[in-house]
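Here the structure is laid out as structure tokens; the discussion comes afterwards.
Numbering (this note's numbering), first residue to last: 3 to 112.
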């Protein structure tokens, strides 16, 4: 799957925001090996689960990761995360087009 960040400005900002954090880049690196149960992912990323969930939410909003709930043999709900295969290409024309679709209101006088 090839993600196209030029669809609109808000999606482009979500992508840049998701990739602008070293913890989220580390999560992407960990998940590049394969999907992970959230508790194992928290241990591998060396962060608390609440903090991990905050970062995973940003990555999900940017369509970089997805999650699935599964039941273990003993009936316990287990949440797994995995990467959505992606490739991003961007250039100045794509940014110029995306800016036209930003939902952020321009400040008066600027």
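Each residue gets a CB set at the ideal place from its N, CA and C atoms; glycine is no exception.
The structure displayed is predicted, hence computed values, not measured ones.
Query, Result
"Touching by the beta-carbon criterion (3+ pairs, under 8 Å), the stretch 16-24 and the stretch 45-65", "yes"
"N- and C-terminal bounds of the beta strand (DSSP E) containing residue 104", "Run containing residue 104: none; DSSP gives neither H nor E here."
"Close Cβ partners of residue 72 (< 7 Å) along its chain, the five nearest in sequence each way excluded", "80, 82"
"Touch test, the stretch 18-29 against the stretch 43-60, Cβ-Cβ under 8 Å, three pairs minimum", "yes"
"Contact set for residue 111: own chain, Cβ-Cβ below 7 Å, skip 5 residues either direction", "Residue confidence is low: residue 111 scores 40 on pLDDT, short of 50, so the model does not pin down where it sits. Its coordinate-derived value is still stated next. None."
"Boundaries of the alpha helix (DSSP H) in which residue 16 is found, first to last residue", "11-21"
"Boundaries of the beta strand (DSSP E) in which residue 81 is found, first to last residue", "79-85"
"Straight-line gap, residue 86 to residue 68 (C-alpha atoms, nearest Å)", "7 Å"
"Buried versus exposed call for residue 103 [16 or more other C-beta atoms within 10 Å across all chains shown]", "exposed"
"Backbone secondary structure at residue 91 - three-state DSSP", "coil"
"Coil, strand or helix - residue 70 by DSSP", "strand"
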